[in-house]
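**Q** Protein chains in written order, with our numbering: chain A, 1 to 281; chain B, 282 to 767. Note that the Cβ used here is the ideal one computed from N, Cα and C, for glycine as well.
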Amino acid sequence: MKHADRFVLSLGSAEYPAQLAETPDPPKFLYGIGDPGALVPGLAVVGARKATPYGIRCTRLFAGWAAASGVTVLSGAAMGCDREAHFAALEAEGPTVAVLGCGADIDYPRRSSDVLNRIRSRYAVVSECPFGQQPQRFAFVRRNRIIAGLSSAVLVVEAGLPSGTFSTADAALDAGRDVFAVPGSIFSAESRGSNRLVRQGALAICDVSELAGALGIDCSAIGRTQESGGTVMRALTADPMRPDDLARALGIDIVQAATTLGALEARGVIARYPDGRYGVA
Amino acid sequence: MQATITTATLVGVDAVPVEVQADVSSGLPVFGIVGLPDVAVQEARDRVRAALRTSGYEFPNARVIVNLAPAPLRKHGTGFDLPIALAVLCATGQLEPRAFDRISAVGELGLDGSVREVPGMLAHALAASRQGRDLLGPESAATVVHAVPDLRYRPLLGIRAARQGIPSTCRRRSPQEAPPSAPGVDLSDVVGHMQVKRCLQIAASGGHNVLFVGPPGAGKTMLARALCGLLPPLSAAERLEAALVHSVAGRDPSPVLGGVRPFRAPHHSSSIAGLIGGGSPPLPGEISLAHTGVLFLDELPEFGPASLQALRQPIEEGAVTLVRAHGAIRYPARVALVAAMNPCPCGYHGDPEKACSCPSGLVARYQSRVGGPLYDRMDISTRVDRVDPGLLLSDDQAVGVTTAESRQAVLAARAYAEARARSGLRRSLHPGALSLLEHSARRMNLSGRGVTRLLKVARTIADLGASERVLEGHVAEALTYRGWKG
Numbered sequence: 001m002k003h004a005d006r007f008v009l010s011l012g013s014a015e016y017p018a019q020l021a022e023t024p025d026p027p028k029f030l031y032g033i034g035d036p037g038a039l040v041p042g043l044a045v046v047g048a049r050k051a052t053p054y055g056i057r058c059t060r061l062f063a064g065w066a067a068a069s070g071v072t073v074l075s076g077a078a079m080g081c082d083r084e085a086h087f088a089a090l091e092a093e094g095p096t097v098a099v100l101g102c103g104a105d106i107d108y109p110r111r112s113s114d115v116l117n118r119i120r121s122r123y124a125v126v127s128e129c130p131f132g133q134q135p136q137r138f139a140f141v142r143r144n145r146i147i148a149g150l151s152s153a154v155l156v157v158e159a160g161l162p163s164g165t166f167s168t169a170d171a172a173l174d175a176g177r178d179v180f181a182v183p184g185s186i187f188s189a190e191s192r193g194s195n196r197l198v199r200q201g202a203l204a205i206c207d208v209s210e211l212a213g214a215l216g217i218d219c220s221a222i223g224r225t226q227e228s229g230g231t232v233m234r235a236l237t238a239d240p241m242r243p244d245d246l247a248r249a250l251g252i253d254i255v256q257a258a259t260t261l262g263a264l265e266a267r268g269v270i271a272r273y274p275d276g277r278y279g280v281a
Numbered sequence: 282m283q284a285t286i287t288t289a290t291l292v293g294v295d296a297v298p299v300e301v302q303a304d305v306s307s308g309l310p311v312f313g314i315v316g317l318p319d320v321a322v323q324e325a326r327d328r329v330r331a332a333l334r335t336s337g338y339e340f341p342n343a344r345v346i347v348n349l350a351p352a353p354l355r356k357h358g359t360g361f362d363l364p365i366a367l368a369v370l371c372a373t374g375q376l377e378p379r380a381f382d383r384i385s386a387v388g389e390l391g392l393d394g395s396v397r398e399v400p401g402m403l404a405h406a407l408a409a410s411r412q413g414r415d416l417l418g419p420e421s422a423a424t425v426v427h428a429v430p431d432l433r434y435r436p437l438l439g440i441r442a443a444r445q446g447i448p449s450t451c452r453r454r455s456p457q458e459a460p461p462s463a464p465g466v467d468l469s470d471v472v473g474h475m476q477v478k479r480c481l482q483i484a485a486s487g488g489h490n491v492l493f494v495g496p497p498g499a500g501k502t503m504l505a506r507a508l509c510g511l512l513p514p515l516s517a518a519e520r521l522e523a524a525l526v527h528s529v530a531g532r533d534p535s536p537v538l539g540g541v542r543p544f545r546a547p548h549h550s551s552s553i554a555g556l557i558g559g560g561s562p563p564l565p566g567e568i569s570l571a572h573t574g575v576l577f578l579d580e581l582p583e584f585g586p587a588s589l590q591a592l593r594q595p596i597e598e599g600a601v602t603l604v605r606a607h608g609a610i611r612y613p614a615r616v617a618l619v620a621a622m623n624p625c626p627c628g629y630h631g632d633p634e635k636a637c638s639c640p641s642g643l644v645a646r647y648q649s650r651v652g653g654p655l656y657d658r659m660d661i662s663t664r665v666d667r668v669d670p671g672l673l674l675s676d677d678q679a680v681g682v683t684t685a686e687s688r689q690a691v692l693a694a695r696a697y698a699e700a701r702a703r704s705g706l707r708r709s710l711h712p713g714a715l716s717l718l719e720h721s722a723r724r725m726n727l728s729g730r731g732v733t734r735l736l737k738v739a740r741t742i743a744d745l746g747a748s749e750r751v752l753e754g755h756v757a758e759a760l761t762y763r764g765w766k767g
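1. Check the Cβ of residue 274(A) against every Cβ in chain B and list those closer than 8 Å, keeping chain order.
2. Given a limit of 8 Å on CB to CB distance, which residues of the stretch 238-250 of chain A reach chain C?
3. Taking C-alpha atoms, which residue in 645(B), 577(B), 521(B), 416(B) lies nearest to residue 548(B)?
4. Could you tell me which whole alpha helix (DSSP H) segments of length 4 or greater appear in the stretch 393-425 of chain B?
5. Taking the runs of the alpha helix (DSSP H) that are 4 residues or longer, which of them lie wholly in the stretch 93-157 of chain A?
6. I want to verify the contact list: residues of chain B whose CB lies under 8 Å from the CB of residue 118(A), in sequence order.
7. If you follow the beta strand (DSSP E) that residue 270(A) is in, where does it begin and where does it stop?
8. When you compare only the Cα positions, how much space is there between residue 87(A) and residue 69(A)?
9. Closer than 7 Å, Cβ to any Cβ of chain B: which residues of the stretch 185-200 of chain A, in chain order?
10. With respect to the beta strand (DSSP E) encompassing residue 350(B), which residues constitute its N-terminal and C-terminal limits?
11. Just mark residue 206(A) as buried or exposed, buried being the case when its beta carbon has 16 or more other beta carbons within 10 Å.
12. Are the CB atoms of residue 101(A) and residue 131(A) within a distance shorter than 8 Å?
13. Measure the C-alpha to C-alpha separation of residue 183(A) and residue 193(A) and round it to an integer number of angstroms.
14. Starting from the N-terminal side, write out each stretch of the beta strand (DSSP E) that is 3 residues or longer and does not extend beyond the stretch 635-691 of chain B.
15. Should the stretch 378-396 of chain B be called in touch with the stretch 361-369 of chain B, which here means at least 3 C-beta pairs below 8 Å?
16. Where residue 462(B) and residue 522(B) are concerned, what is the direct C-alpha to C-alpha distance, given to the nearest angstrom?
17. State the beta-bridge partners of residue 179(A) as determined by DSSP.
18. Given a limit of 7 Å on CB to CB distance, which residues of the stretch 698-731 of chain B reach chain A?
19. Would you give the residue range spanned by the alpha helix (DSSP H) that residue 71(A) belongs to?
20. Could you tell me whether the Cβ atoms of residue 247(A) and residue 239(A) are closer together than 8 Å?
21. For chain B, check one thing: does any of its Cβ atoms lie closer than 8 Å to the Cβ of residue 49(A)?
22. Go ahead and pull the three-state DSSP assignment for residue 762(B).
23. Would you call the CB atoms of residue 329(B) and residue 369(B) closer than 8 Å?
24. On the criterion of 16 or more Cβ atoms from any shown chain inside 10 Å, does residue 610(B) qualify as buried, or is it exposed?
25. Within this structure, are the beta carbons of residue 735(B) and residue 727(B) separated by less than 8 Å?
26. In whole angstroms, what is the alpha-carbon distance linking residue 286(B) and residue 348(B)?
27. Can you tell me whether residue 283(B) is helix, strand or coil according to DSSP?
28. Could you name the residues of the same chain whose beta carbon sits closer than 6 Å to that of residue 632(B), not counting the 5 residues immediately before and after it, in chain order?
29. Report the three-state DSSP secondary structure of residue 10(A) (helix, strand or coil).
30. For residue 763(B), count neighbouring C-beta atoms within 10 Å of its own C-beta (all shown protein chains included) and say buried if the count is 16 or more, exposed if not.
31. I want to know whether the stretch 713-728 of chain B touches the stretch 753-763 of chain B - three or more CB-CB distances under 8 Å.
32. If we count the other Cβ atoms within 10 Å of its Cβ and call it buried at 16 or more, is residue 445(B) buried or exposed?
33. Taking C-beta pairs closer than 9 Å, name the residues in chain A that residue 642(B) reaches, listed in chain order.
34. Between the Cα of residue 141(A) and those of 75(A), 269(A), 63(A), spot the shortest distance and give me the residue it belongs to.
35. Of all the CB atoms in chain A, is at least one closer than 8 Å to the CB of residue 475(B)?
36. Who are the near neighbours of residue 36(A) in its chain, counting only those whose CB is closer than 7 Å to its CB and skipping five residues on each side?
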């Protein structure tokens with residue numbers, strides 16, 4: 001890593017991001033690597049580390065669209081939704097900023113190192129921890145307020161209960177940011193947190209055009225995201241299920257259920273979750 | 282005066298003939314055994330001396346040398362007691378040597394002269410019948426040794442009885458036949474788990490290895506047990522082969538002889554020698570004890586990497602070869618392998634109800650503990666999840682098929698596979714199935730081995746459906762049983 005790329009912004013200096021400075025508890029120094037000019041108000045996209053294919057897909061959809069529309073996608077580079085958000089933004093050739101809970105030069109988690117390096121070279125990776133600081137547990141909760149503070153709105157794509165994602169949502173509310181949530185199946189444990197956010201008043205985002213409207217972006221050319229399919233497809237769209245449950249719910253035998261699931265998965269319209277359930281890919 | 286009695290010593294599952302030669306000559310009274318005896322054979326001196334005295338014989342007050350020929354072969358075990366005693370009695374003229382010409386003797390002696398069983402009676406019986414000899418041995422082994430066809434067995438209660446001449450051959454007794462599915466678990470005892478039951482059916486039909494992934498308490502062990510009952514009945518040759526291993530290991534071979542397929546579930550702390558066999562003298566390991574039956578490895582990632590590595594080759598070859606300084610020993614090890622693992626150290630990764638408390642990096646590391654080569658041998662992978670308690674308590678639904686019903690399908694599929702034309706796997710693929718296979722292999726990043734495995738499973742599914750060709754649906758179903766590592 002070239003030292004020339006490193007920057008330190010102190011609270012009160014002209015380069016310090018204004019939107020962060022006005023939050024209740026801004027960090028005194030912001031250490032970063034890359035281009036400090038990338039720290040413009042954007043959309044924070046956060047979600048569970050143990051994301052389901054549904055969560056991944058939502059992240060890809062919304063983060064990819066936002067980045068393609070020129071909105072900076074902010075996230076924490078963690079496994080699951082966070083990493084996918086950065087990835088989608090990079091793929092869409094759009095701006096994205098990662099906020100870490102360790103030194104901005106540390107690749108954590110390790111598996112995000114390729115994504116982090118790409119962000120460092122084009123946009124910015126920032127942290128309130130000094131360079132070289134190893135990851136510490138408490139630092140990650142603290143960094144969530146920076147993600148919220150740097151953004152103009154926070155989108156929670158998928159969150160279980162309890163979830164660290166809530167601290168980002170709380171920080172966003174403290175800082176007066178908008179909180180959006182992508183609702184999920186009422187039966188899915190992985191969506192319980194985001195569904196609760198909706199109940200508590202977060203704006204439910206069910207479509208790219210709704211997100212665009214919420215961010216005040218023109219959205220005349222955006223298609224719908226709903227899809228259609230056979231009985232199995234419809235059942236799985238409503239609620240990811242294990243083959244046993246699917247067979248019982250539809251009154252078909254297990255061989256038929258497995259055959260249909262295999263064929264749909266091969267077509268790429270559904271995916272198998274780590275817990276053996278099948279859901280929309 | 283000299284006399285010779287024939288016996289045998291165990292080498293692997295074979296009993297190799299050994300001649301016990303006794304020489305009684307005048308000189309200082311000694312009792313020596315030569316010809317590479319181990320400690321147990323050396324101790325025979327004290328047992329033989331006492332047994333002869335208490336049985337009303339006379340131990341010669343002379344120089345007694347016993348030679349075990351061929352001398353370079355290592356002899357071990359207590360089965361030499363009886364032949365040594367008989368050789369001494371013949372050499373001193375207390376018994377008629379000619380009576381033992383066509384006899385092989387084996388048995389341990391008690392101090393009171395009683396004849397006891399030794400490990401490997403079946404191996405001794407097989408060796409005797411191969412040499413065309415009658416076997417003289419303990420009364421208690423009379424049922425077991427008759428598993429060897431056309432063996433003439435002469436049971437001896439105590440060495441005292443030999444004075445009245447050698448006992449005549451006894452009537453054949455056949456071991457008790459076990460009911461087909463006993464004593465395991467019936468499929469209908471397990472509520473729900475329809476997909477897992479289907480996997481077991483496929484595994485039993487095609488001889489595939491199965492991996493269960495699921496949280497604790499989901500019923501993995503019970504389901505693995507149920508596999509025993511799904512497998513076809515054991516042939517007479519298979520029974521004997523499996524019983525031989527049990528007999529050599531000093532275990533009761535009668536359940537296997539009765540047709541019950543063995544189920545072995547070694548603990549994950551088992552040593553390599555315990556799993557594949559070893560020790561001195563070598564004994565068969567768990568994988569050989571499970572021969573013709575089911576080897577269940579619960580908590581697969583907890584097994585040491587060296588143990589798993591050691592299991593790999595026997596699983597592939599269906600036999601264990603132990604190479605030692607004094608030769609190689611081969612134990613049979615054709616098993617249906619069922620392995621089970623928790624998805625993560627806490628066991629709840631991906632559980633719909635209970636949250637997993639493991640950091641995500643640890644989950645991946647835990648799963649990677651099962652090395653690729655062994656993982657590659659698991660043809661069928663399936664999640665075994667906890668069944669909804671409501672379903673568990675409702676008695677009428679979701680019980681599904683019984684073992685007997687599922688077994689019918691297994692037998693039919695095996696018969697179909699036997700009868701169908703043995704064309705290449707690829708050639709029996711329907712074009713639609715081929716394109717689905719190619720498409721999904723690219724999409725799901727399947728390795729070459731993964732594709733082969735998928736194809737094998739699809740072929741078995743086609744056999745279950747009595748289909749000459751592998752159709753698209755068969756491949757699609759097989760896709761749902763692929764592993765989580767791709």
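**A** Let's see:
1. Neighbours of residue 274(A) in chain B, taken as residues at a C-beta separation under 8 Å, are given in chain order as 624, 630, 631, 765.
2. Absent here is chain C; the protein component of the structure consists of chains A and B.
3. It is 577(B) whose Cα lies nearest to the Cα of residue 548(B).
4. 402-412, all fully within the stretch 393-425 of chain B.
5. Those alpha helix (DSSP H) runs which fall completely within the stretch 93-157 of chain A and span 4+ residues are 113-122, 137-150.
6. None at all; the shortest Cβ gap to chain B is about 21 Å.
7. Per DSSP, residue 270(A) belongs to the beta strand (DSSP E) from 270-272.
8. Straight-line Cα distance between these residues: approximately 15 Å.
9. So the list reads 189, given in the order they occur along the chain.
10. Element bounds for residue 350(B): 344-350.
11. Answer is exposed; the Cβ neighbour count stays below 16.
12. The Cβ atoms of residue 131(A) and residue 101(A) do not sit closer than 8 Å to each other.
13. Cα atoms of residue 183(A) and residue 193(A): separation of roughly 9 Å, rounded to the nearest angstrom.
14. Listed in chain order, the complete beta strand (DSSP E) runs (minimum 3 residues) inside the stretch 635-691 of chain B are 661-664.
15. Short answer: they touch.
16. In this prediction, residue 462(B) scores a pLDDT of 48, lower than 50, which makes its location untrustworthy; the coordinate-derived value is nonetheless stated afterwards. Cα to Cα, residue 462(B) sits roughly 20 Å from residue 522(B).
17. The bridge partners DSSP lists for residue 179(A) are 154(A).
18. If the cut-off is 7 Å between Cβ atoms, the stretch 698-731 of chain B has 717, 720, 721, 724 near chain A.
19. From DSSP, residue 71(A) is part of no alpha helix (DSSP H); its letter is neither H nor E.
20. One thing to note: residue 247(A) has its Cβ no nearer than 8 Å to the Cβ of residue 239(A).
21. With 8 Å as the cut-off, residue 49(A) counts as an interface residue toward chain B.
22. Coil.
23. Going by C-beta atoms, residue 329(B) is nearer than 8 Å to residue 369(B).
24. Residue burial annotation: residue 610(B) is buried, with at least 16 other C-beta atoms found within 10 angstroms of its C-beta.
25. Taking a C-beta distance under 8 Å as the contact criterion, residue 735(B) and residue 727(B) qualify as a contact pair.
26. About 11 Å.
27. If DSSP states are grouped into helix, strand and coil, residue 283(B) belongs with the strands.
28. 496.
29. In this structure, residue 10(A) counts as strand in the three-state DSSP scheme.
30. Buried, since its Cβ has 16 or more Cβ neighbours within 10 Å.
31. Three or more Cβ pairs closer than 8 Å define a contact, and the stretch 713-728 of chain B meets that threshold against the stretch 753-763 of chain B.
32. With fewer than 16 other Cβ atoms from the protein chains shown falling within 10 Å of its own Cβ, residue 445(B) counts as exposed.
33. Here the neighbours are 79, 109, 110, 111.
34. Ranking 75(A), 269(A), 63(A) by CA distance to the CA of residue 141(A) puts 75(A) first.
35. Output row for residue 475(B): interface = yes.
36. A distance below 7 Å between beta-carbons, with the five flanking residues on each side excluded, links residue 36(A) to the following residues of its chain, in chain order: 7, 9, 15, 124.
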